[in-house]
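Here the sequence shown is numbered in the UniProt record's numbering, starting from 1 and rising by one per residue.
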Amino acid sequence: MIDVIVLGGGIVGASAALMLAHKGQRVALVERDFCGSHSSGVNYGGVRRQGRPLHQLPLSQRAHQLWADLPGLIGIDGEYVRSGHLKLARCHADFAALQAYAEQTCGFGLGLQLLDHAELRARFPWVGDVAVGASLCPEDGHANPRLVSPAFARAARRLGASIFEQAEVIRIEHDANLFHVNCANGLHLQAPWLLNCAGAWSGAVAAQFGEPVPMTSAHPAMLVTEPLPLVMDVSTGVEGGGIYARQVARGNCILGGGRGFALGPLQARPGQAAVLDILRNAAELYPFLKGAQAIRTWSGTEGYLPDHEPVIGPSSTRPGLLHGFGFAGAGFQLGPAVGEALAEIVCEGASRQPIEAFSIRRFQA
Ligand SMILES: Cc1cc2nc3c(=O)[nH]c(=O)nc-3n(C[C@H](O)[C@H](O)[C@H](O)COP(=O)(O)OP(=O)(O)OC[C@H]3O[C@@H](n4cnc5c(N)ncnc54)[C@H](O)[C@@H]3O)c2cc1C
């Protein structure tokens with residue numbers, strides 16, 4: 001007998017399985033490929049709160065607490081470091097936007113520090129002179145998604161969750177009490193709860209239960225350089241977007257920016273134009289990267305809703321169905337707290353963090 005079926009083994013589904021198992025629920029997680037093989041394992045690795053919309057901040061702050069004891073949660077440190085996140089402004093209007101964000105969020109405990117041009121030069125001399133100022137969130141950081149996300153699934157398994165990989169869900173039925181989930185490999189599961197954590201592919205499940213969402217897929221472009229002398233001591237982004245970069249302990253710099261393209265429903269590539277844009281922006285903002293050799297490029301498939309907010313919480317049409325998807329390129333940091341919120345709905349009837357803003361009802365006419 002199973003209490004909860006989790007559809008999707010990304011960081012959201014796997015952390016939900018972990019939190020549910022921790023609360024004594026009998027959980028089965030079904031993953032089409034391997035846990036953490038899609039967005040959750042191929043993302044940039046930014047673990048940041050800075051820049052999030054205000055109503056994501058309570059959930060993001062809770063995630064920040066969970067990340068603090070990653071080894072206690074999943075058994076590895078996942079190369080997680082609280083390096084700080086430096087958001088650069090390329091013009092005075094962008095710096096004013098960073099100042100306004102710092103004012104709006106001062107009650108959330110992000111500890112933002114605004115740096116003018118001189119302070120930026122003094123503290124981070126490797127930043128290109130085109131940056132006129134920046135906002136530093138000292139406790140934000142970065143981690144290795146290829147290590148972290150599969151480790152959530154392994155930790156759930158250690159607590160007794162059944163993890164089924166290479167098990168593509170092809171049919172879901174619901175009778176009065178139970179969801180019946182059928183996989184292409186013949187696996188059949190039934191349970192009173194179903195968590196729709198299928199990432200960019202979650203829309204089909206929502207639509208099947210009469211609550212379609214206008215979700216689209218997009219493919220952030222990424223590249224990594226050869227190992228270089230250690231220079232960047234923070235993860236960086238830019239107000240208005242365009243590029244983000246971090247350097248890992250081995251010296252490789254990981255950069256992201258722009259959009260790639262889909263090869264098909266499951267595969268994405270970064271595309272030449274996005275890669276050239278990243279390299280152009282990098283030379284300007286991080287001059288030490290001029291001439292660095294890019295050794296690999298990649299992309300992934302991520303779900304975006306028009307308001308760039310996720311869907312988290314109960315279905316409006318089917319008791320027992322919960323959604324957690326559509327993280328618009330920013331769900332790696334939130335993932336553990338989203339899993340916890342979904343587990344709380346199952347076990348305690350409600351999430352401790354406010355999630356009303358993410359209700360699927362906002363797409364109903
Ligand atoms: C290139 C890139 C860079 C990013 N950078 C960052 C960042 O720096 N910081 C940040 O916070 N976020 C970032 N993100 C976003 C973040 O990675 C995602 O928001 C997050 O990983 C979403 O997790 P998920 O579990 O919802 O989805 P996924 O990781 O996509 O997991 C969903 C899983 O469901 C499975 N599935 C789907 N359909 C079925 C089916 N029918 N049967 C069985 N299994 C199924 C899939 O195989 C998949 O493994 C980035 C995303 C990308 C693509």
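Glycine included, every Cβ here is placed at the ideal spot set by N, Cα and C. Predicted model only: the values in this text are computed from it and were never measured.
Next item on the list: Taking only the alpha-carbon atoms, compute the straight-line gap between residue 309 and residue 128 and give it to the nearest angstrom.
Entry: Between residue 309 and residue 128, the C-alpha separation is close to 32 Å.
Item checked: Rounded C-alpha distance that separates residue 338 from residue 64 -> C-alpha separation (whole angstroms): 12 Å.
Margin query: What residue range does the alpha helix (DSSP H) around residue 94 cover?
Written below: Unbroken alpha helix (DSSP H) run through residue 94: 92 to 104.
Margin query: Quick check: does the Cβ of residue 106 come within less than 7 Å of any heavy atom belonging to ligand 1?
Written below: For residue 106, the CB stays at least 7 Å from every heavy atom of ligand 1.
Note to self: Distance check for residue 365 and residue 425, CA to CA, integer angstroms please.
What the structure shows: Because the chain in this structure spans residues 1 to 365, residue 425 falls outside the shown range and cannot be described.
Notebook entry, point to check: With residue 220 and residue 302 assumed to form a contact (beta carbons below 8 Å), what rounded beta-carbon distance in angstroms separates them?
Noted result: Your pair residue 220 and residue 302 checks out as a contact, with CB atoms roughly 7 Å apart and the cut at 8 Å.
Check: Between residue 120 and the rest of its own chain, which residues show a CB-CB distance below 7 Å, the 5 nearest in sequence each way excluded?
Finding: Cβ within range, chain order: 127, 131, 133, 134.
Notebook entry, point to check: Do the CB positions of residue 142 and residue 235 come within less than 8 Å of each other?
Noted result: Contact flag set, yes.
Notebook entry, point to check: Taking the C-alpha atoms as reference points, what is the distance between residue 246 and residue 272?
Noted result: Distance between the alpha carbons of residue 246 and residue 272: 21 Å.
Check: Hey, out of 178, 228, 355, whose CA is closest to residue 286's CA?
Finding: Nearest in C-alpha terms to residue 286, of all of 178, 228, 355, is 228.
Notebook entry, point to check: Alpha carbon to alpha carbon, how far is residue 111 from residue 100?
Noted result: Rounded to whole angstroms, the separation of the alpha carbons of residue 100 and residue 111 is 14 Å.
Next item on the list: With a threshold of 7 Å, establish whether the CB of residue 335 neighbours any heavy atom of ligand 1.
Entry: Yes - ligand 1 has a heavy atom lying nearer than 7 Å to the Cβ of residue 335.
Next item on the list: Out of 3, 16, 2, state which residue places its alpha-carbon closest to the alpha-carbon of residue 343.
Entry: The residue with the shortest Cα to Cα distance from residue 343 is 16.
Next item on the list: Compare the beta carbon distance of residue 163 and residue 9 with 8 Å and say whether it is the shorter of the two.
Entry: For residue 163 and residue 9, yes; Cβs fall inside 8 Å.
Next item on the list: Identify whether residue 275 lies in helix, strand or coil by the three-state DSSP scheme.
Entry: Of the three classes helix, strand and coil, the one that applies to residue 275 here is helix, per DSSP.
Next item on the list: Compare the C-beta of residue 234 with all C-beta atoms of chain B and state if any pair is closer than 8 Å.
Entry: Looking at the structure shown, chain B is missing, and only one protein chain is on hand.
Item checked: Three-pair Cβ contact test at 8 Å for the stretch 175 to 191 versus the stretch 20 to 40 -> Contact holds: three or more Cβ-Cβ distances are below 8 Å.
Check: Is residue 222 near ligand 1, going by C-beta to nearest heavy atom under 7 Å?
Finding: Yes, ligand 1 has a heavy atom inside 7 Å of this Cβ.
Notebook entry, point to check: So, is residue 177 buried or exposed, given that buried needs 16 or more other C-beta atoms within 10 angstroms?
Noted result: Exposed: under 16 other Cβ atoms inside 10 Å.
Notebook entry, point to check: Cβ of residue 129 within 7 Å of any heavy atom in ligand 1?
Noted result: Closer than 7 Å to some heavy atom of ligand 1: that does not describe the Cβ of residue 129.
Notebook entry, point to check: Sorted by chain position, which residues of the same chain lie with C-beta nearer than 8 Å to residue 316's C-beta, five sequence neighbours on each side aside?
Noted result: Contacts found: 211, 359, 360, 361, 364.
Checklist line | Cβ-Cβ separation, residue 225 to residue 292 (assumed contact under 8 Å), whole Å | finding: That belief holds up - the Cβ atoms of residue 292 and residue 225 are roughly 4 Å apart, short of 8 Å.
Next item on the list: Look at the Cβ atom of residue 62, then the Cβ atom of residue 139, and state whether they are nearer than 8 Å.
Entry: In this structure, residue 62 keeps its C-beta atom at 8 Å or more from the C-beta atom of residue 139.
Checklist line | Proximity winner among 262, 265, 244, relative to residue 256 (alpha-carbon distances) | finding: Shortest Cα-Cα distance from residue 256 to any of 262, 265, 244 involves 244.
Check: Rounded to a whole number of angstroms, what is the C-alpha to C-alpha distance between residue 208 and residue 194?
Finding: Residue 208 and residue 194: Cα-Cα distance of roughly 13 Å.
Item checked: Pair within 8 Å by beta-carbon distance, residue 324 and residue 12 -> Yes, the pair counts as a contact, with Cβ atoms nearer than the cut-off.
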